[in-house]
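At position 58 of the sequence shown (counting the first as 1) the number is 58 in the UniProt record's numbering, and the numbers step up by one without a gap. Glycine residues also receive a C-beta, built at the ideal position from the N, C-alpha and C atoms. Remember, it's a predicted structure, so these values are computed and weren't measured experimentally.
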Amino acid sequence: MPDPSINTAYLKLSVSERIQLVEDIWDSIAAEASEAVELSPSQIDELHRRVAAHRADPSSAIPWEQVRSKLFPGKP
């Protein structure tokens with residue numbers, strides 16, 4: 001039987017810690033289901049559109065380190 005304390009324990013975390021938790025959970029799901037998750041044709045088209053836009057103007061990209069530092073100030 002699941003531990004009921006787990007259902008609300010995350011509420012004691014800061015917002016940035018909860019975001020990190022969600023990212024970690026998502027990464028673990030993606031690692032397990034990378035082959036089981038299929039993209040729809042419209043999702044594939046959108047990915048192709050975004051790659052083409054990036055290739056047309058690579059300077060418009062924001063480095064992950066910069067995004068992460070804004071989302072998680074003070075974290076390495």
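{"Query": "Spatial neighbours of L21 within its chain, please: C-beta separation below 8 Å, excluding the five flanking residues on both sides.", "Result": "Y10 and L13"}
{"Query": "I'd like the span of the alpha helix (DSSP H) that includes S28, first residue to last.", "Result": "V15 to A33"}
{"Query": "For L39, collect the residues of the same chain with a Cβ closer than 8 Å to its Cβ; drop the 5 residues on either side in sequence, then sort them by chain order.", "Result": "L47"}
{"Query": "Excluding the 5 residues flanking Q66 on each side, which residues of the same chain have their C-beta closer than 8 Å to its C-beta?", "Result": "none"}
{"Query": "Could you have a look at A36 and say whether DSSP puts it in helix, strand or coil?", "Result": "coil"}
{"Query": "When you compare the CB positions of F72 and S28, do they come within less than 7 Å of one another, or not?", "Result": "no"}
{"Query": "For P73, which three-state DSSP category applies?", "Result": "coil"}
{"Query": "Work out the CA separation of A61 and S69 for me, nearest whole Å.", "Result": "15 Å"}
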